[in-house]
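Before any comments, here is the structure.
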Amino acid sequence: MSTLPKPAPLPVGGGCHKKESRLDKFTRRLSYPYLHGTYFGVNAIKDAYLLVDGPNCGFHKAEHVFGAHDWFSSLLDVSGFHRVMHTDVHPNTIIGGSDARFSAVMRMMAASEVPDVIFLGSMPMASMTGTDYDGLMAQVLVETNVPIVNLPDRSLDRDWLDGYADFLFQIAKDFDPGFPEPEIDPKKVAVVGHLMHRNEEDLRGNLRELRRLCAGIGLELVSVWLDGERYEDLGKAFEAGHVVSLPYGRKAAKKLARRSGANLVEVDLPLGPEATERFVRALAESAGVEAAAERFLEGELRTVARAWEWLIPKRLQFRTVAFHGDPYLMPGIAELTRLLAMELVELTAYAQDKKGFRPDEEWGRQLPVEITWQPRVGVDNDIGRGERGIDLIIGCSDTRQLVPPDAAFLEFGYPMRDVHYTSDAPFLGFRGALHLVDRISNVLGDRASYI
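For any residue, its number in the numbering used here is found by taking its place in the sequence shown, counting from 1, and adding 18.
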């Protein structure tokens with residue numbers, strides 16, 4: 019078992035750590051479990067089921083998504099036949115062996131009318147007993163013909179973002195595109211690594227915007243991993259001549275491109291106009307449609323510039339910002355706030371330390387301050403109380419309790435329990451940037467005095 023990384027000290031402007039007491043050292047860290055990422059994946063494939071070999075807490079983790087973060091989630095069902103099930107292991111059943119119960123639950127899931135695929139996850143106390151998952155899966159597959167995907171057992175020392183990345187990679191590794199495999203089309207695109215953490219209109223808006231960006235340069239987006247649709251629809255990615263790799267699914271994108279023979283296009287998350295421009299240019303270069311991209315970008319950038327011409331000096335410039343939450347959003351937030359003439363003075367990640375964010379690495383060099391990783395609850399609650407105050411804090415629902423009374427708060431990321439969308443509300447791409455900056459502007463409001 020690997021040890022968890024110690025949180026880095028808060029950057030200038032974010033206060034400093036108090037000396038930890040023994041009690042502090044054992045308080046919960048602000049991060050989310052590995053299984054949350056798995057549940058995002060199952061929630062984003064509407065005909066998928068998940069069987070967790072573990073105690074009943076594996077079931078209750080679904081309640082963090084269903085009805086709380088995602089009002090359109092179908093993980094749980096009033097009938098009692100849920101898309102997430104567990105084997106309810108405890109010391110007695112582990113000692114006696116739980117193969118029979120495991121097989122029975124899997125057969126019950128496979129026999130229902132809904133599943134096109136069953137994902138199998140296991141918690142450490144169950145997997146360490148040496149259960150022959152592959153053998154049991156093979157038996158059920160022969161009897162039911164429902165494919166079963168065995169997910170890695172890494173919940174002991176990995177977090178929610180690792181859980182989602184592993185979920186995508188197993189699909190890229192195990193998906194059967196049929197025989198013969200489809201031929202790739204140079205005009206078709208697949209995007210791998212869209213964090214579909216809920217089925218509301220912010221994430222669905224992102225999907226529409228990604229399709230619009232591709233269409234704007236004469237390409238067709240045929241598959242997004244993940245997009246809230248059926249498992250079999252993911253197979254359209256094998257038709258794509260270009261696989262776009264986003265940070266949440268790097269390994270999966272590489273595996274898919276290797277299997278299909280497509281061009282691999284590795285890009286940053288298209289959060290903000292500059293990152294979106296790079297996204298479009300990289301894809302256009304891969305497809306050989308640079309001229310179409312230039313025409314498309316000219317109109318899009320003109321629209322953004324016109325929208326923000328007066329907004330920036332009237333409401334945004336010189337305002338200080340802190341961001342708490344998903345680290346993969348941080349490069350885009352840093353670039354966007356810089357473009358808006360705002361100052362990003364604090365970054366706190368609710369996740370384990372990720373590759374690429376150290377000061378000498380690619381994303382780390384883009385950030386104006388160092389990141390505090392998975393701080394301890396109750397210890398790092400001095401947000402915005404440094405030498406300079408903070409005008410705006412952008413963070414998830416769990417950040418709200420840390421917001422000082424004189425700062426504005428924008429709920430963004432996972433989890434969002436208070437902010438929900440039933441109409442188009444993207445945050446990626448050019449239209450997503452316009453919508454996100456409108457949200458920032460409206461929570462800040464006009465200045466008391468103008469500069």
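For glycine and all other residues, C-beta sits at the position ideal for the given N, C-alpha and C.
Keep in mind it's a predicted model, so treat the numbers as computed, not measured.
Check your understanding: Mind checking if L365 is an interface residue toward chain B, Cβ cutoff 8 Å exclusive?
Key -> Looking at the structure shown, chain B is missing, and only one protein chain is on hand.
**Study point:** V421 versus F314, L362, G407 and L174, residue with shortest Cα-Cα distance
**Key:** Ranking the options by Cα distance to V421, first place goes to G407.
**Study point:** Contact under 8 Å by Cβ, V167 with F137
**Key:** Yes.
Point to revise | Every unbroken beta strand (DSSP E) inside the region 67-126 [3 residues or more] | key: Fully enclosed beta strand (DSSP E) runs of 3 or longer: 102-104.
Check your understanding: Smallest Cα separation from G447: which of A280, Q419, A367 and E318?
Key -> Nearest option by C-alpha distance: E318.
**Study point:** For F187: DSSP bridge partner residues
**Key:** DSSP links F187 through a beta bridge to no other residue.
Review point. Are there three or more Cβ pairs, one per stretch, closer than 8 Å when the region 336-346 is compared with the region 435-454?
Key: No, because fewer than three Cβ pairs between the region 336-346 and the region 435-454 fall closer than 8 Å, the two stretches do not touch.
**Study point:** Assigned secondary structure, R248 (DSSP; H/G/I helix, E/B strand, else coil)
**Key:** If DSSP states are grouped into helix, strand and coil, R248 belongs with coil.
Practice item. Starting from the C-beta of L94, find all residues in its chain whose C-beta is less than 8 Å away, skip the five residues before and the five after it, and write them out in chain order. Key: Same-chain partners within the cutoff: A80, E81, F84, G85, H100, R101 and V102.
Practice item. Answer with buried or exposed for M127, where buried requires no fewer than 16 other C-beta atoms within 10 angstroms of its C-beta. Key: Counting Cβ neighbours within 10 Å, M127 comes out buried, since at least 16 surround it.
Check your understanding: What are the start and end residues of each continuous beta strand (DSSP E) run of 3 or more residues lying completely inside the region 346-426, in chain order?
Key -> Within the region 346-426, the complete beta strand (DSSP E) runs of at least 3 residues are 361-367, 389-391 and 410-413.
Check your understanding: Leaving out the 5 sequence neighbours to the left and right, which residues in its chain are closer than 7 Å to E199 when beta-carbon positions are compared?
Key -> The beta carbon of E199 sits closer than 7 Å to the beta carbons of F256 from its chain, once the five residues preceding and following it are set aside; these are given in chain order.
**Study point:** DSSP-derived helix/strand/coil call for H215
**Key:** DSSP places H215 in coil when its eight states are reduced to three.
Practice item. Please state whether DSSP places H282 in a helix, a strand or coil. Key: The displayed chain sequence assigns Leu, not His, to residue 282. In the structure shown, L282 falls within a strand segment according to DSSP collapsed to helix, strand and coil.
Check your understanding: So, V285 versus L252, is the Cβ gap smaller than 8 Å?
Key -> If you check the CB distance, V285 and L252 do not come in under 8 Å.
Point to revise | Boundaries of the alpha helix (DSSP H) in which L452 is found, first to last residue | key: For L452, the uninterrupted alpha helix (DSSP H) run begins and ends at G447 to L462, by DSSP.
Exercise for review: In angstroms with no decimal places, state the Cα-to-Cα distance between D436 and I351.
Suggested key: Looking at the two C-alpha atoms, the distance is approximately 21 Å.
Check your understanding: Taking the alpha-carbon positions, what's the S241 to K205 distance?
Key -> In a straight line, the C-alpha of S241 is about 13 Å away from that of K205.
Check your understanding: If you compare alpha carbons, which of G72, Y266 and A300 is closest to W1?
Key -> Absent from the model: residue 1. The displayed extent of the chain is 19 to 469, so no value can be given.
Check your understanding: What residues in its chain sit with their C-beta under 8 Å from that of G259, if we drop five residues either side in the sequence?
Key -> So the list reads I202, D203, P204, K205, K206, V207, A280, N281 and A305, once near-sequence residues are dropped.
Review point. Taking just the CA atoms, how far does P288 sit from W391?
Key: CA-CA distance, W391 to P288, rounds to 23 Å.
Check your understanding: CB L365 to CB V387, shorter than 8 Å?
Key -> Yes, the Cβ-Cβ distance between L365 and V387 is below 8 Å.
Review point. So what's S173 in DSSP terms, helix, strand or just coil?
Key: Look at S173 here: in three-state DSSP terms it is coil, with no helix or strand label.
Practice item. Look up D203 in the DSSP assignment and say whether it is helix, strand or coil. Key: In this structure, D203 counts as strand in the three-state DSSP scheme.
Check your understanding: If we count Cβ pairs, one from each stretch, closer than 8 Å, do we get three or more for the region 452-468 versus the region 367-384?
Key -> Under the 8 Å Cβ criterion, the region 452-468 does not count as touching the region 367-384, having fewer than three qualifying pairs.
Exercise for review: Quickly, what does DSSP pair E238 with across the bridge? List them, please.
Suggested key: Its beta-bridge partners are K206.
Check your understanding: In terms of residue numbering, what span does the beta strand (DSSP E) encompassing T338 cover?
Key -> DSSP places T338 in the uninterrupted beta strand (DSSP E) bounded by T338 to G343.
Check your understanding: In angstroms, rounded to a whole number, what distance separates the CA positions of L452 and R226?
Key -> For the pair L452 and R226, the Cα-to-Cα distance works out to about 15 Å.
Check your understanding: Contact check, S91 vs R248 under 8 Å by CB: the rounded distance?
Key -> Incorrect: roughly 16 Å between the Cβ atoms, too far for contact.
Review point. Whose C-alpha, out of G236, W243 and A233, is nearest the C-alpha of R222?
Key: Measuring C-alpha to C-alpha distances from R222 to each of G236, W243 and A233 identifies W243 as the nearest.
Check your understanding: Starting from H260 and walking both ways along the beta strand (DSSP E), at which residues does that stretch end?
Key -> A258 to S263 is the extent of the beta strand (DSSP E) around H260.
Review point. By Cβ distance, which residues of its chain are closer than 8 Å to M124, with the 5 residues on each side in sequence left out?
Key: Cβ within range, chain order: L69, I136, L138, L154, M155, V158 and I166.
Exercise for review: With distances taken Cα to Cα, identify the nearest neighbour of P423 among A129, L410, E429 and P433.
Suggested key: Answer by Cα proximity: L410.
Check your understanding: How far does the beta strand (DSSP E) with L138 in it reach, from first residue to last?
Key -> Counting along the chain, the beta strand (DSSP E) containing L138 begins and ends at V135 to S140.
Review point. If you drop the 5 nearest sequence neighbours on each side, which residues of the same chain put their C-beta closer than 7 Å to that of K191?
Key: Leaving aside the five residues that flank K191 on each side, the residues in its chain whose CB is nearer than 7 Å to its CB run, in chain order, K273.
Review point. Do S173 and P349 have their CB atoms nearer than 8 Å?
Key: Cβ distance not < 8 Å, so S173 and P349 don't count as in contact.
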